[in-house]
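Residue numbers (the numbering used here), protein chains in the order written: chain U, 228 to 621; chain B, 228 to 621; chain V, 46 to 407; chain L, 46 to 407.
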């Protein structure tokens, strides 16, 4: 075992920090710090800046445009970005479909899509969930019927984050019937401006607009936009979901949220931060958070006997810690957490109430939105079942 | 709704308190306060005192020797007894088999057993659980084969509390085979001094001796010691278990334990009792305990829409609160909770370590023994399943 | 002791449930709440609910806090938003403890359903209802004070006919009556409640009570408010449990109904257990509701702690069990959750009241 | 960073696991522990484990706390009871930070396996290892002090060759060496550990260090002890999980294996998650183990908090899942639970260390 950061890594952290200080636009950071979902324009501008530096896809292989960083460097980069309030890039292109494309896509697909994902020119969304297929994805019913050199896609997708500003969607659809529900599913790329695509917002409990329903009515998708082999979409989706799960510890965001929580508790004379019981509760969460950080490092180092169970553990614990931090923040805010504050950065949002504490707007929007942390990308129950399955083998 | 105690009830509480003050032997109270399991002699002496007053079976009907108290009077009596550190009488005769006998027993059985249960002359134990039948009682395999006017009983009972000093056992045994596992079980009374009865202690994690295995080898039980009808033992057992569950909120004991916990936290200058975080934790538990107390009162008043689910809720929450209080007591005790203290009341127990705090001996014996609170009389999981079953009907 | 509802109480419960189901159902609720905070008030006034807890002398029905708690429970279940709590509980209990013609005529208006009144007590940076107000009151006439200060998160002030302001005067606490006009900003809470900020910049108010008398009246208002909130929390939690139970019974995943999964069943059971505890503690608080003194306040504070915890936990579990659907505006559970979340923080959060309770621990 | 075990470390882990399985299995454990606290020490000494963390200069193997943590993890899994922690971790780290021939010769004895040493630090009424000792040290010779005070819950003093006592002298903290004879009472802890009370009534001790040097040495001992306990907790929790997993796989209720019930499965999963967290935080504490200073202490304190919580929770869940069987002496889980319960309270409980951690929160 060797716990020391290499000299390179120490240098690297300083380099990233300096870059962020010089290049992250203050207005973007300020907006993101509030806790509201970042607007598309912020995501786009910031990704373009990263792209110019060659840093827009830290986890991609060099041959596809990645910077060739070690896992540790990626961790440091994400950490510094979170601490600087840089909005993480939209995950659907970079984190999700990108790796599917460079692993299973055709040369034409790679050539067309990867550069635009890297640059942030094209935004993606994920068409997996359906009204009858949430955690149980394999029960999806969207159909893609072959018609010459096209598929005709009909279906109804739900929980489609950012569909209202995405240019492309990757989605799962049935191309044939099969006894095994996982078979006969294909992985398609679909242009959101195609005829037959309708996006309808789903108002959520945070009073924001992030997720949507997407109705697909006789959407004509060229057969060249099929990824990999027809009927093998389930395996690509599993590849994608496994990638996603590994990164769902929320550790960097939670470190930032912890800092914000402490700032709230210390505001107005620090009444609550001086309270011994509150301090103990915060200390207890800080310990959990530190453990989570090292659990992620351990995962990155590749030294976990059971990475499948470990990834589920990260997701489970990460979402619990996220809630615990936001709960402390809400407690620290006291009765001031109750108003529905308009986003002060949104010109059309309306006036703030008199005497609104600086830290208040956005906190509860974030709190409520993050309630989904125990639901998406595999509910906590699904994670526990995965873990038990692994345990019972061991 | 009427929340006032009747004048009678106020007078009654004073009467009980005065009686306890005058009649509860101080050595019995002192021993019981320690938290170790009370010795048989203490139980016997105390029950004889109560019996002379006519108070040994508060919940029995008058015609069988009960005092004719209301549910509220019974509550007050139990509460005062707990606060005075009076050991509750062994439940197996009074709480469990007694009501079965006066409800389903023959006249001869009533005449023989009820008076001795009331007086505390005869101690009982419960032969229900078996090595393969814990929570799942219906899978018991002990057999009682008819042989003339006797049953020949063979089997292996486990978790038999107080079997080492009980005079009689009530037990379940199969008298016939049946497709439905609950059928063909009979309810028998059995003399512990009979040939073929062997009691073997089960050393438990509190390092005390309370529970036992009982081996039954060709024990001859007269057919007159069958309770009710042959093969209907399951319904009598259910009657008994339902009675038991109603009384398993541990509320009186927990009120006493809470007081003891506060005394521990206030000892040695009250360092921990002055700690704001510890006080908050104690306050939170006190609120739960007060709610539990009123939940029991509500149950006694008969005003609960679903008494089956409510009884399970009392057991579940009662065992959680019991743990929470003992956990706080252990926290208050600090490193002094770690020694295995001999019972200072037990002449053969050995010397106490130097500088043993007064409140320390017995605390952890009790703590460890009470871990069984979430297990016996229906595990917490069994209670939750009962509750859900009721809920899903509603 | 006898916890049976009287015939009148059972009738009140059933008729309230029926009216709310018919006129304030989930479909209509959004629209009604869009119209403003008192949109549903005429229905409530028509039924005489505001008069429920008031003495006959002012036109009331001579009921008790038990009756109001029965109603609050149904209002909670129906996710009612409006000035019932602020007018008929907080203000009414305060005014009933105050002597004089002003209070009497206000109570007559409340009982008749023609007037809503709110208490302006909280201030910016304040942590809860037990805080001492910083607003200043300086005598400005024989029966009036000039008020200077800031009142924050005042419930239902936008539609209130009168506002009772708490302030500090020379003789201690002052309760003064003002009109809700002036520097006021109205806004909404996360659960669609109506609140306002009041900037009191030398506003003249009529004195209702001062010193010890004012303290007694405020104590009555605080105890009644916290106890009624506890009752509302019972309704909120029961509503959340029922909606969740029904949802999991209908929803399938992995080829089975959600309600067939043991972990789902057991979580619902835990929700039930928590609610049973809360119902029981509500009885405790109600049992001392008409006995002013530290025990009543302690019971009310303990109830608020449990109410906040239970409502938040039960509605949170319900939200989780709804999966993605629970995150939508469309599903009642998301509204139960928001009400529960706000209820926990209103008038002081669980930490605040647990601290208060811990101070009195012996 | 690289968390891979070196070949030597992997060998150490495997050989320790094997030896403990062969010679300290659950069946033999009871008998070995009946014989006294150091019954298994000859085996340990023969393998050179006491030398593991000691410098080559005194005959040690020049290992680090990482190596000792690997061993502690296996000792925890095997429910080992004996003087390894007190001698080879606490005392060794303390003595390595102390100059002088006394310390050197003691370390040589420890490395050779011929001497066990313990630290007498806790006192009656004390709350934990961060407490300042009240025992008094008065100079009684050029190199000696006269010690007066009471030491409580001193680990393994019954079999220790030497005892290091902490005390207050004129120049602050004093570390003094005494023989374990004298007024001593030996007793057992709930988990079958061996502890003693020492009544120091003017006992003469040899000074090892005073003032700042003594503080540095004590800090090293505290950090190493808490970190090693964290490693032991990993082993205890993993052992509890494994026994529980095996038990529910074999035990049937209601016609199904316990392990087929979803609530049982998910509870096991939660146990796993807690252990993963603890393992990760152990890495954090180890990463700063050779860097004296406040960060090291803070990491060790945080680890003790999590170790106590996780061990207690995991073993408690395991106990519950064993049902009635878990309550018996016969089942290993009852011993895991007792070890976990004692571990949480030893050297200061979770509340104590959380308070300490909270003080440093910024």
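Yeah, the Cβ is synthetic: ideal placement off N, Cα and C, and Gly gets one too. These numbers were taken from a predicted model, which means no experiment stands behind them.
Three or more beta-carbon pairs under 8 Å between the stretch 254-267 of chain L and the stretch 223-240 of chain L, yes or no? no
Just tell me which of V:351, V:252, V:237 and V:54 has its CA closest to the CA of residue 210 of chain V. Numbered from its first residue, the third chain carries residue 210 of chain V at position 165. Out of V:351, V:252, V:237 and V:54, V:252 has the C-alpha closest to the C-alpha of residue 210 of chain V.
When you compare the CB of residue 48 of chain L with every CB in chain V, is at least one pair closer than 9 Å? Residue numbering aside, residue 48 of chain L sits at position 3 when the fourth chain is read from its first letter. Judged by the 9 Å Cβ criterion, residue 48 of chain L is not in contact with chain V.
Who are the neighbours of residue 306 of chain V on chain L, taking C-beta pairs under 9 Å? For the purposes of this step, residue 306 of chain V is taken as residue 261 along the third chain, with counting starting at 1. Residues of chain L passing the Cβ test: 307.
According to DSSP, simplified to helix, strand and coil, what is residue 263 of chain B? Here the question's residue 263 of chain B lines up with position 36 in the second chain. The answer is coil: DSSP assigns residue 263 of chain B none of H, G, I, E or B.
Could you tell me the distance, in whole angstroms, from the CA atom of residue 454 of chain B to the CA atom of residue 416 of chain B? Position 227 of the second chain, counted from the start, is the residue given in the question as residue 454 of chain B. Position 189 of the second chain, counted from the start, is the residue given in the question as residue 416 of chain B. Computed Cα separation, rounded: 7 Å.
If you pair each beta-carbon of the stretch 291-302 of chain L with each one of the stretch 263-276 of chain L, do three or more pairs fall below 8 Å? no
Can you give me the Cβ contacts of residue 365 of chain B inside the same chain, cut-off strictly under 6 Å, excluding the 5 residues immediately before and after it? Residue 365 of chain B sits at position 138 when you count from the first residue of the second chain. Only 408 and 409 meet the Cβ criterion.
Would you say residue 325 of chain U touches the ligand GDP, meaning its beta carbon is less than 8 Å from a heavy atom? The model on display carries no ligand, and the ligand GDP is accordingly not part of it.
Taking Cβ to Cβ, would you say residue 272 of chain B is nearer than 9 Å to residue 285 of chain B? By 1-based counting over the second chain, the position of residue 272 of chain B is 45. By 1-based counting over the second chain, the position of residue 285 of chain B is 58. For residue 272 of chain B and residue 285 of chain B, no; Cβs fall outside 9 Å.
Would you verify that the beta carbon of residue 240 of chain V is, or is not, closer than 9 Å to some beta carbon of chain U? Within the third chain, residue 240 of chain V is the residue found at index 195, counting from 1. By this cut-off, residue 240 of chain V is an interface position.
Between residue 507 of chain U and chain B, is there a C-beta pair that is closer than 9 Å? In the first chain, residue 507 of chain U corresponds to position 280, counting from 1. Chain B contact via Cβ: present.
Beta-carbon within less than 6 Å of residue 133 of chain V's beta-carbon, same chain only, minus the 5 sequence neighbours each way: which residues are those? If you number the third chain from 1, residue 133 of chain V lands on position 88. Closer than 6 Å at Cβ, skipping near neighbours: 95.
For residue 296 of chain L, which three-state DSSP category applies? Looking up residue 296 of chain L in the fourth chain gives position 251. Note: residue 296 of chain L maps to coil in three-state DSSP.
Please check the pair residue 316 of chain U and residue 255 of chain U, which I expect to be a contact at CB under 8 Å, by giving their CB distance rounded to whole angstroms. Along the first chain, one-based indexing puts residue 316 of chain U at 89. Along the first chain, one-based indexing puts residue 255 of chain U at 28. In fact, because the Cβ distance is near 12 Å, the residues do not count as touching under 8 Å.
For residue 491 of chain U, return the contacting residues in chain V, with the cut-off set at a CB-CB distance below 8 Å. Here residue 491 of chain U refers to the residue found at position 264 of the first chain. Result: empty, since nearest Cβ-Cβ is about 12 Å, beyond 8 Å.
Using a C-beta cutoff of 9 Å, does residue 365 of chain V count as contacting chain L? One-based indexing of the third chain puts residue 365 of chain V at position 320. Closer than 9 Å: no.
Starting from the Cα of residue 69 of chain L, find the closest Cα among L:85, L:81 and L:102 and give me that residue. Start at 1 with the first residue of the fourth chain, and residue 69 of chain L comes out as number 24. It is L:85.
DSSP beta-bridge partners for residue 207 of chain L? Looking up residue 207 of chain L in the fourth chain gives position 162. DSSP lists L:162 as partners of residue 207 of chain L.
Residue 386 of chain U vs residue 369 of chain V beta-carbon contact at 9 Å: Here the question's residue 386 of chain U lines up with position 159 in the first chain. Here the question's residue 369 of chain V lines up with position 324 in the third chain. In contact: residue 386 of chain U and residue 369 of chain V (Cβ atoms closer than 9 Å).
Could you give the C-beta distance for residue 403 of chain L and residue 506 of chain U, rounded to a whole number, given that I count them as a contact under 8 Å? Counting from 1 along the fourth chain, the entry for residue 403 of chain L is found at position 358. Counting from 1 along the first chain, the entry for residue 506 of chain U is found at position 279. About 4 Å; that satisfies the 8 Å criterion.
Which residues in chain V have a C-beta closer than 7 Å to the C-beta of residue 510 of chain B? List them in chain order. Within the second chain, the letter at position 283 stands for residue 510 of chain B. Going along chain V in sequence order, the residues near residue 510 of chain B (Cβ under 7 Å) are 399, 402, 403 and 406.
Can you give the beta carbon distance from residue 448 of chain B to residue 384 of chain B, rounded, assuming they're within the 8 Å contact cut? Reading the second chain from its first residue, position 221 is the one you call residue 448 of chain B. Reading the second chain from its first residue, position 157 is the one you call residue 384 of chain B. Actually they do not touch by this definition, with Cβ atoms about 14 Å apart.
Taking residue 252 of chain B as the query, report the chain U residues whose CB atoms sit under 7 Å from its CB, ordered along the chain. Within the second chain, the letter at position 25 stands for residue 252 of chain B. Those do not exist, as residue 252 of chain B stays about 43 Å from chain U at its closest Cβ, beyond 7 Å.
Given residue 383 of chain V as reference, the closest of U:569, U:591 and U:553 once Cα atoms are compared: For the purposes of this step, residue 383 of chain V is taken as residue 338 along the third chain, with counting starting at 1. Of the candidates U:569, U:591 and U:553, the one whose C-alpha sits nearest the C-alpha of residue 383 of chain V is U:591.
Distance, Cα to Cα, residue 246 of chain V vs residue 358 of chain V? Indexing the third chain from 1 puts residue 246 of chain V at position 201. Indexing the third chain from 1 puts residue 358 of chain V at position 313. Rounded to whole angstroms, residue 246 of chain V to residue 358 of chain V spans 41 Å at the Cα level.
Interface residues of chain L around residue 469 of chain U at Cβ under 8 Å? Here residue 469 of chain U refers to the residue found at position 242 when the first chain is read from its first residue. None at all; the shortest Cβ gap to chain L is about 18 Å.
Count the CB pairs spanning the stretch 517-532 of chain B and the stretch 463-479 of chain B that are closer than 8 Å, and state whether there are at least three. yes
Should residue 461 of chain U be flagged as near chain V, meaning a C-beta pair shorter than 9 Å? The residue labelled residue 461 of chain U in the question sits at position 234 within the first chain. So no, residue 461 of chain U is outside the interface.
Can you tell me whether residue 356 of chain L is buried or exposed, with buried defined as 16 or more other CB within 10 angstroms of its CB? Taking the first residue of the fourth chain as 1, we reach residue 356 of chain L at position 311. Buried, because 16 or more other Cβ atoms sit within 10 Å of the Cβ of residue 356 of chain L.
Span of the beta strand (DSSP E) holding residue 232 of chain L? Residue 232 of chain L sits at position 187 when you count from the first residue of the fourth chain. Here the beta strand (DSSP E) through residue 232 of chain L covers 229-233.
Proximal residues of chain V, C-beta to C-beta of residue 564 of chain U below 9 Å: For this step, residue 564 of chain U is matched to residue 337 along the first chain. Residues of chain V passing the Cβ test: 235, 386, 387, 390 and 394.
Would you kindly report the start and end of the unbroken beta strand (DSSP E) that includes residue 396 of chain U? Translated into the one-based positions of the first chain, residue 396 of chain U becomes position 169. Residues 395-401.
Within 10 Å of its beta-carbon, does residue 146 of chain V have 16 or more other beta-carbons around it, so buried, or fewer, so exposed? By one-based count along the third chain, residue 146 of chain V stands at place 101. Exposed, because fewer than 16 other Cβ atoms sit within 10 Å of the Cβ of residue 146 of chain V.
Is the separation between the beta-carbon of residue 321 of chain V and that of residue 537 of chain B shorter than 9 Å? Counting from one through the third chain, the residue named residue 321 of chain V turns up at place 276. Counting from one through the second chain, the residue named residue 537 of chain B turns up at place 310. Result yes, Cβ atoms of residue 321 of chain V and residue 537 of chain B sit closer than 9 Å.
Given a cut-off of 9 Å, decide if residue 99 of chain V and residue 88 of chain V are closer than it, judged by their beta-carbon atoms. To locate residue 88 of chain V, count along the third chain from 1; it is residue 43. To locate residue 99 of chain V, count along the third chain from 1; it is residue 54. The answer is no: Cβ separation not under 9 Å.
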